[in-house]
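Chemist:
Number of protein chains: 2
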Amino acid sequence: MDARRPPANPALSLAAPALYEQVAERLRNRIYAHELAPGSWVDEQAIAAEYGISRTPLREALKVLAAEGLVTLRPRRGCYVTELSEQDLDEIFPVMALLEGRCAYEAARKASDADRKRLADIHGALERHAAANDPDRFFEANQQFHEVLQELAGNRWLKELIQETRKFLKLTRRGSLKLTGRLRQSLAEHQTIMAAIERKNADLAGRTMHDHILSGRAALAKLYTVR
Amino acid sequence: MDARRPPANPALSLAAPALYEQVAERLRNRIYAHELAPGSWVDEQAIAAEYGISRTPLREALKVLAAEGLVTLRPRRGCYVTELSEQDLDEIFPVMALLEGRCAYEAARKASDADRKRLADIHGALERHAAANDPDRFFEANQQFHEVLQELAGNRWLKELIQETRKFLKLTRRGSLKLTGRLRQSLAEHQTIMAAIERKNADLAGRTMHDHILSGRAALAKLYTVR
DNA sequence: ATCCATAATTATGAATACAGTATTATAGGG
DNA sequence: CCCTATAATACTGTATTCATAATTATGGAT
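Structure representation (structure tokens):
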């Protein structure tokens, strides 16, 4: 493998995303929306036709999704949407709690006054949406809160592992925030986390975040048993 | 997306791996061996010709490697082997320490007497190879030890995150075990871990494993500065 | 001689075509 | 009537072909 090309300076590419990437993104969303249901077969020809593309970029997109774990490729059998078992969830959430807990710990350690202000603002939005009983916006603000923490933690790899793990959680049913009491409980947990961060108590921030995630697992479990 | 196919019972596939998978595996090994050097351009045509295949499965393999992070695909520019900076390593190792630490913790909690025996056996091999000053076999046994811990921890997702993170570490230079004293130090750390597991002290096992990984980072850093 | 504009080349991205295998349908026998 | 064996079909996996963008080479101007 000789360098027949120049070093090709590593300037960041801001080129238009490749077709396979766009397709992968669209498929991700359809999977998250359960429009492509867990366990179901993915019909290459049908989707290619629907998107007005050939199977080539579609298949490349499926390879990406397979590497992410959202679909499973069975040789000569085709592509199937990944299905998570209850046991999977019981295993994923603790890992998520570990990662997000560390994230909160690091964020609490490293946050500047300005950072804390930013977090407090988002937390304020969280409180408003909880008061208004608006699960969708609460969800939005919640996600924002977690993303800011990931930024503040300042570890690109930690962040990526979290986001990758989150992809799996997106495979599950949504709506646990709509359970009676869950919104309020989630808010209370966030208040504890926020308080720990403002007091610059990293250990406490980490621990409460850890428990917050596990609490999310419990809520999801209820969602499955209740209805 | 109607089910034009039957449920297709989810029997595990033991079919021959697809060509793109084999190619991905070969490329991974070449990347790990630095035969494809970090930062270098990957010549699709040359490799396709070398392997006697068309570009199609090769490109699919590259998509997989890109999703794993081993290569970077720049639209219309081609494929480049990922290059890790010192800062990347400073960020990856703590995450690895977190994951492996938890792994050791869980393994120590859950291990049966038979499991501890198995670990002790591998640890024994570790001691022999250290005494014989055989870094390569020490490396092998070391990897085995960690893999067994991952099994014992009993969390598929934790294991997968670790292995995925390990892929990145494989991008770095090997041979830190050949540094004078490192083999002995690594063994000493393993002895502490093993002792904690035998005493069923999960907290200690987790903490010592955590520090063991960070110690690996320090050794790697030396490798870069010394020579 | 250096720099810029333009032409030629080369590589990537995507579509189409083909081969081989798994699945489904059909026919025959128990 | 059901089960088995065989043929037909459909889909996946791979190769080939084509279009387009990026890179390199060439030639001319300053």
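In order, the protein sequences belong to chains A and B.
Per the working numbering: the first sequence = residues 1 to 227.
Per the working numbering: the second sequence = residues 1001 to 1227.
Glycine included, each C-beta is placed from N, C-alpha and C at the ideal position.
Taking 6 angstroms as the limit between beta carbons, can you name the residues of its chain near residue 1111 of chain B, skipping five residues before and five after?
Modeler: 1152
Chemist: Just mark residue 61 of chain A as buried or exposed, buried being the case when its beta carbon has 16 or more other beta carbons within 10 Å.
Modeler: buried
Chemist: Should residue 1105 of chain B and residue 1039 of chain B be called a contact, given that it needs their Cβ atoms to be closer than 8 angstroms?
Modeler: no
Chemist: Measuring CA to CA, which of A:93, A:150, A:130, A:220 is closest to residue 119 of chain A?
Modeler: Looking at the Cα atoms, A:150 is the closest of the given residues.
Chemist: Quick one: what does DSSP say residue 183 of chain A is sitting in, helix, strand or coil?
Modeler: In this structure, residue 183 of chain A counts as helix in the three-state DSSP scheme.
Chemist: Mind checking which residues open and close the beta strand (DSSP E) that includes residue 72 of chain A?
Modeler: Per DSSP, residue 72 of chain A belongs to the beta strand (DSSP E) from 71-74.
Chemist: Name the chain A residues whose beta carbon is nearer than 8 angstroms to that of residue 1059 of chain B?
Modeler: 60
Chemist: Is there a Cβ of chain A sitting closer than 8 angstroms to that of residue 1018 of chain B, yes or no?
Modeler: yes
Chemist: In whole angstroms, what separates the C-alpha of residue 20 of chain A from that of residue 1190 of chain B?
Modeler: Going by the C-alpha atoms only, they are around 45 angstroms apart.
Chemist: To the nearest angstrom, how far is it from the Cα of residue 1041 of chain B to the Cα of residue 1161 of chain B?
Modeler: 27 angstroms
Chemist: Less than 8 angstroms separating the beta-carbons of residue 1028 of chain B and residue 1058 of chain B?
Modeler: It is not a contact, given that the beta carbons lie outside the stated cut-off.
Chemist: I need the DSSP call for residue 1078 of chain B, collapsed to helix, strand or coil.
Modeler: strand
Chemist: Looking only at its own chain, which residues have a Cβ that is under 6 angstroms from the Cβ of residue 115 of chain A, when we skip the five neighbours before and after it?
Modeler: 152
Chemist: What's the gap between the Cα of residue 1214 of chain B and the Cα of residue 1097 of chain B?
Modeler: Approximately 6 angstroms, taken between the alpha carbons.
Chemist: For residue 92 of chain A, would you say it is in contact with chain B, using Cβ-to-Cβ distances shorter than 8 angstroms as the test?
Modeler: So, interface residue.
Chemist: Can you name, in chain order, every residue of its own chain whose Cβ lies under 7 angstroms from the Cβ of residue 1125 of chain B, other than the five neighbours on each side?
Modeler: 1141
Chemist: Residue 1041 of chain B bridges to which residues according to DSSP?
Modeler: Residue 1041 of chain B pairs with B:1080.
Chemist: Is the beta carbon of residue 24 of chain A closer than 8 angstroms to that of residue 65 of chain A?
Modeler: yes
Chemist: What residues from the stretch 140-160 of chain A come within 9 angstroms of chain B, judged by C-beta to C-beta, listed N to C?
Modeler: So the close ones are 154, 155, 156, 157, 158, 160.
Chemist: Please identify the residue among A:128, A:157, A:224 whose C-alpha is closest to the C-alpha of residue 175 of chain A.
Modeler: A:224
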